[in-house]
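One structure is given here, and the rest of the page talks about it.
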Amino acid sequence: MRHSRAGRGSQYDSGAVPELPEVDFVRRLLAPVMTGARVEALLVRRAKLRIPFPTGFEERLVGHTVTAVTRRAKYLLAALSSGETLIVHLGMSGWFRVERAAGPEFDAEPGETDDDPKHDHVVFRMSSGMLVTFNDPRRFGLMDLAARGELASHKALRDLGPEPLSPEFDATALARACHRRKTPIKVALLDQTVVAGVGNIYASEACFEARISPKRKASAIATSTGAPRPQAMALAAAVVKVLERAIAKPTARFKVYERAGTPCPRRTCDGTIRRIVQAGRSTFYCPVCQR
DNA sequence: ATTGAGACCTGTCGGC
DNA sequence: TGCCGACAGGTCTCAA
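Residue numbers for the first sequence, in my numbering: 3 to 293.
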């Protein structure tokens, strides 16, 4: 029996780290299971993930009803009837598993799942009879609670740039955010204050889609006053395109990410995908068609 | 102010 | 075969 899972695993070969499309996938997995359901019980198996759980974590969750499951950047947000909001980040390796509770206790049905229960850090038992389990081998994930009215000012969210799939994100916004930056454009795309939710994979993919070299200076997509150049238009559109494509087709393979040495997927191009390191991270691109 | 490096963490993989 | 170091990467923190 295979439980539905998300964020990492079977739907995402190549072990991709969850970025915006994957987090949105998890949101769509959790929303129907949690929305309108009350947290009946909470099992916290570990004192902390990347940071300690907030004080009163269990009491602030148990007995309250989830009113909505949304997403901001790579954060999952579960609004509670108490007015508080549960904030979850999947980190590098986090994912959720949803299954029907076997009984009143937290019977994880060991042996019946192919997931390693060793890293099941938090389990929510919902009034709908479903168990929602957070599993994160590397423990780079995060769970926190924001009090009523304090979500927007929460440390994790307050400095985030525009949502790439919202009207706030366009060539003008991208150019403005980049126009004083000396870092390479691909590195700028990873900065969550520039655009929220893009990670290492889709930063490379977006540069490829826009035919822009990842090594190009970020400021080069804008004029000296911060107005968008054509490259800003292309890149903003490419960011939206690669994210929407990944959301629509989670199993699609990447065009350049982790494809060093393979031919450029652009038919009209005879280049070979290269891997370089920028700001300590792998970047994949085609040196022939990306300028 | 902007940028980079180090830390966090552990499963996986290449090399000896 | 087995051990071991390198590597992967999102975000925070600290330093230049």
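Even for Gly, the Cβ is constructed at its ideal location relative to N, Cα and C.
About 18 Å separates the beta carbons of residue 55 and residue 95, which is beyond the 8 Å limit, so they are not a contact pair. Per DSSP, residue 174 is not a residue of any beta strand (DSSP E); the alpha helix (DSSP H) it occupies stretches across 173 to 180. Burial check for residue 53: the Cβ neighbour count within 10 Å stays below 16, so the residue is exposed.
One thing to note: residue 31 has its Cβ no nearer than 8 Å to the Cβ of residue 90. Only residues of its own chain outside the window of five on either side were considered, and among them 99, 122, 125 have a CB closer than 6 Å to the CB of residue 135, listed in chain order. With 16 or more other Cβ atoms from the protein chains shown falling within 10 Å of its own Cβ, residue 248 counts as buried.
Apart from sequence neighbours up to five positions away, the residues of its chain that approach residue 194 with a beta-carbon distance below 7 Å are 75, 162, 163, ordered along the chain. Annotation for residue 154: 160 place their beta carbon closer than 8 Å to its own, counting only its chain and skipping 5 residues before and after. Around the Cβ of residue 34, a 10 Å sphere holds fewer than 16 other Cβ atoms; the residue is exposed. When only Cα atoms are considered, residue 225 and residue 269 end up about 32 Å apart.
Beta-bridge analysis with DSSP links residue 219 to 186. Between the alpha carbons of residue 38 and residue 57 lies a distance of about 25 Å. The continuous stretches of alpha helix (DSSP H) do not include residue 132, which lies in the beta strand (DSSP E) extending over residues 132 to 137. Per DSSP, the unbroken beta strand (DSSP E) holding residue 73 starts and ends at 68 to 74. Uninterrupted beta strand (DSSP E) stretches at least 3 residues long and entirely within the segment 189 to 253 do not occur. Look at the beta carbons and you see the segment 273 to 293 touching the segment 253 to 262: at least three pairs across the two are nearer than 8 Å. Around the beta carbon of residue 236, 16 or more other beta carbons lie within 10 angstroms, which makes this residue buried. Sequence-distant Cβ neighbours of residue 264 in its own chain, meaning closer than 6 Å and more than five residues away, are 275. The three-state secondary structure of residue 146, taken from DSSP, is strand. Less than 8 Å divides the Cβ of residue 21 from the Cβ of residue 203. In this structure, residue 72 keeps its C-beta atom at 8 Å or more from the C-beta atom of residue 82. Non-local beta-carbon contacts of residue 293 in its own chain, meaning distances under 6 Å to residues more than five positions away in sequence, involve 215 in chain order. DSSP links residue 281 through a beta bridge to no other residue. About 17 Å separates the beta carbons of residue 189 and residue 211, which is beyond the 8 Å limit, so they are not a contact pair. Comparing C-alpha distances from residue 29 to each of 51, 59, 70, 42 shows the shortest one belongs to 70.
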